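The structure appears right after this line, and notes come after that.
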Amino acid sequence: MKATGFISLWTLVSLPCGPLANPAEREDVVKHAIKLHRGKGAVIAQRKQWVLESCRKLSGLLRQKNVVLNKLKNAIRAVEKDAGLSDEEKLFQVHTFEIFQKELNESENSVFQAIHGLQRALQGDYKDVVNMKESSRQRLEALREAAIKEEMEYVELLAAEKHQVEALKNMQHQNKSLSMLDEILEDVRKAADRLEEEIEEHAFDDNKSVRGVNFEAVLRVEEDEANSKRNASKREVEDDLGLSMLIDSQNNQYILTKPRDSTIPRADHHFIKDIVTIGMLSLPCGWLCTTIGLPTMFGYIICGVLLGPSGLNSIKSIVQVETLGEFGVFFTLFLVGLEFSPERLRKVWKISLQGPCYMTVLMIAFGLLWGHLLQIRPTQSVFISTCLSLSSTPLVSRFLAGSVRADKEGDIDYSSVLLGMLVMQDVQLGLFIAVMPTLIQAGVSTYSSVFKEILRILILIGQILFSLAAVFLLCLVIKTYLIGPYYRKLHTESKGNKEILILGITAFTFLMLTITELLDVSMELGCFLAGALISSQGHMVTEEIMCCIEPIRDFLAIIFFASIGLHVFPTFVIYELTVLLFLTLSVVIMKFVLAVLVLSLILPKTSQYIKWIVSAGLAQVSEFSFVLGSRARRAGIISREVYLLILSVTTLSLLLAPALWRAAIMKCVPRPERRSST
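Mapped onto mature numbering (1 follows the signal peptide of the UniProt record, and there is no 0), the consecutive letters of the sequence shown carry residue numbers -21 to -1, 1 to 657.
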């Protein structure tokens, strides 16, 4: 079978390779080759003669290859036994011979693989798209493996070249006497080589055979410069440092995360440019929103829209910008907890626990009802309803800045109720993320396994409740025994130097964040609890820490809101403006009405007037719906169209939130306190 395949291949390759005088002669040769391939137009004697000659040439090449391989093996044994060669010279020569052996074997294997691929294609049905797709996938896998092998061979050649240079240097050092400086430099060179060998991680070789690892074809793209000659040296440096961008066949873009040589410092200049651009453009956008009476956060969102994929598309490191923006959420919730003392938390904990749970259940019930009427899958209905039931904690925190205090003696403060309910929604967010894998499986499960899925969900809920109990027990221990001595130590060490205080508070926040993450509770809850624990040390401590952390929070919050703008698509909103406005108003009104209904049932009679303000603060959709929506889209729970609708409704609800909040404040808050609340 292999010989027949080689003959067919040799027919197509050898005929056009001779020197041809003119296009007419080349055309005659091509026609003759086609006739030979089809078995037409050639006499039997000529066909037999051609087959014999092709087989003779093929067998001659195979014999030559075997002879060369035997000579290489003998040469390797001779080099290893040669006592006159140094270790570096032996290593170089043996390495070179082994690379040549691999080249011969891989060339032969490539020809056989091509023949087998041709046989599969001829045996397949050209009308069967599935079969053609499978053949294409097999060819693609073969090409990827061939590319990997060629890349490894090139790396081996580089190593052989390095060994050759080492051998030449050793020969030169043996033939001449070295000065003291040369001997020192030679020792340093050897130490540097040992250091590189010790710190180098063979990540490629270690992971290429790991289960779940696939070979992918990528493009390596250098930065587009107008004057290529002027920036040639810059690109050469970037090529050496590995700072170019990789793009795979799915249009995902990758940048360097860990270099092979860790001794050279590197910086991601794309990320630096993105942060600088966002910082510069956020200023005029924030000024514009302040001028027309909108919160500055909308200016930062507009900045993200202008720089994102729907605008200038100048942000290259989108994932890195979003990651940095997450720290804005962490510090925002830390300051919220810093203003939200445990005493006030105890005062409204029942309302904070019951309110979000009732609202989520009601939203899911309405979602299932509408899903049944519109023939939407229950899994998709539950997911959409849960996404829309969440509200934006960073946005409401900005609304409540400087207004966290009681309205009347003995009454419940609306800001305490609102923040408590938002924190509980953050806990629900962590619970929903934990349940999402089960929700994905439920979408494809049969009715016989519904009971098992419900049981699994109940077990997950029990685990989350156990984690919450462990977190609050840990907070009680920290508040009683640790937080007081810890802060006093920080305060003593930071006199005249605020760096220690900032670092200590940040480290404590990250510690609480890590603990809640390890216990499968949302990281945002850990940041909030860190602030609440520190606020238990008194008002003076709160003011001192707030002055240090607020500038950091403000800068990172700019990055966070700009990262939200990167996922806003104005063209889609314009195309479907009527539908989106109807959906957004429906969601806002529904959340407002449900919040009023729930709060009417759980608030004391003396505090019923705050239900309008709290409901107005909850009547928008959280920016975390972007995160949940992206995960659900990747998992196949929702379609692309539903994902874009969720993004657009979330954005429009956030834009409507300031107007609804101001209307509620104007109606319910006395005039002296209205300035601080708005």
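Using N, Cα and C, we set each Cβ at its ideal position, and we do this for glycine too. Because the structure is a prediction, the values reported are computed rather than measured.
Would you say residue i reaches chain D, if we count a Cβ-Cβ gap shorter than 8 Å as a contact?
| i | result |
| --- | --- |
| Thr495 | The structure shown contains no chain D; it is built from a single protein chain. |
Looking at residue j and residue i, is the spacing between their C-beta atoms short of 8 Å?
| i | j | result |
| --- | --- | --- |
| Leu379 | Leu398 | yes |
| Ile343 | Thr365 | yes |
| residue 659 | Glu529 | In this structure the chain extends from -21 to 657, so residue 659 is not present and cannot be described. |
| Gly278 | Ser542 | no |
| Val396 | Val572 | no |
| Val30 | Ile55 | no |
| Leu535 | Gly316 | no |
| Thr459 | Ser289 | no |
| Leu508 | Met525 | no |
| Asp575 | Leu635 | Per the sequence presented here, residue 575 reads as Val, with Asp not at that position. No, the pair does not count as a contact, with Cβ atoms beyond the cut-off. |
| Met224 | Leu374 | no |
| Ile462 | Ile538 | no |
| Met338 | Ser368 | yes |
Let me know if residue i comes out buried or exposed under the rule of 16 or more other beta-carbons within 10 Å of its beta-carbon.
| i | result |
| --- | --- |
| Met502 | buried |
| Glu68 | buried |
| Ala643 | buried |
| Pro637 | buried |
| Met519 | exposed |
| Val500 | buried |
| Pro335 | buried |
| Ser632 | buried |
| Ile243 | exposed |
| Ile163 | exposed |
| Ser115 | exposed |
| Trp640 | buried |
| Ala57 | exposed |
| Thr495 | buried |
| Asp405 | buried |
| Gly510 | buried |
| His546 | buried |
| Trp591 | buried |
| Phe445 | exposed |
| Leu626 | buried |
Using three-state DSSP, classify residue i as helix, strand or coil.
| i | result |
| --- | --- |
| Val73 | helix |
| Ile254 | helix |
| Gln232 | strand |
| Leu498 | coil |
| Ile226 | strand |
| Arg199 | strand |
| Pro335 | helix |
| Asn88 | helix |
| Ala638 | helix |
| Leu624 | helix |
| residue 664 | No information on residue 664 is available, as it lies outside the stretch -21 to 657 that the chain covers here. |
| Ala643 | helix |
| Leu369 | coil |
| Ala121 | helix |
| Pro263 | helix |
| Asn476 | coil |
| Phe540 | helix |
| Arg116 | helix |
| Thr358 | helix |
| Asp61 | coil |
| Ala93 | helix |
| Ile281 | helix |
| Val547 | coil |
| Pro464 | helix |
| Gln98 | helix |
| Ile617 | coil |
| Ser33 | helix |
Please name the residue, chosen from the options, that lies closest to residue i on a Cα-to-Cα basis.
| i | options | result |
| --- | --- | --- |
| His249 | Gly287, Gln299 and Leu545 | Gln299 |
| Ile78 | Glu132, Ile55 and Ser114 | Glu132 |
| Glu301 | Cys647, Arg56, Phe540 and Lys36 | Phe540 |
| Leu480 | Leu623, Tyr466, Met259 and Ala611 | Tyr466 |
| Ala598 | Leu623, Ser565 and Gln43 | Ser565 |
| Ile391 | Phe548, Asp66 and Ile589 | Ile589 |
| Arg377 | His351, Arg99 and Asp533 | Asp533 |
| Phe258 | Ile271, Ile280 and Arg610 | In the sequence as presented, Phe is not what sits at residue 258; that position holds Gly. When only C-alpha atoms are compared, the closest one is Ile280. |
| Phe603 | Ser86, Asn476, Arg99 and Val628 | Val628 |
| residue 701 | Thr269, Gln333 and Lys50 | In the structure displayed, the chain extends from -21 to 657; residue 701 sits before or after that span and is not available. |
| Leu556 | Thr630, Pro464 and Ala595 | Thr630 |
| Lys295 | Gly272, Asp247, Leu347 and Gln117 | Asp247 |
| Glu140 | Ile94, Glu85, Asn88 and Leu70 | Leu70 |
Quick check on the DSSP output: what are the complete alpha helix (DSSP H) runs of length 4 or more inside the region 558 to 610, in order along the chain? 590 to 597
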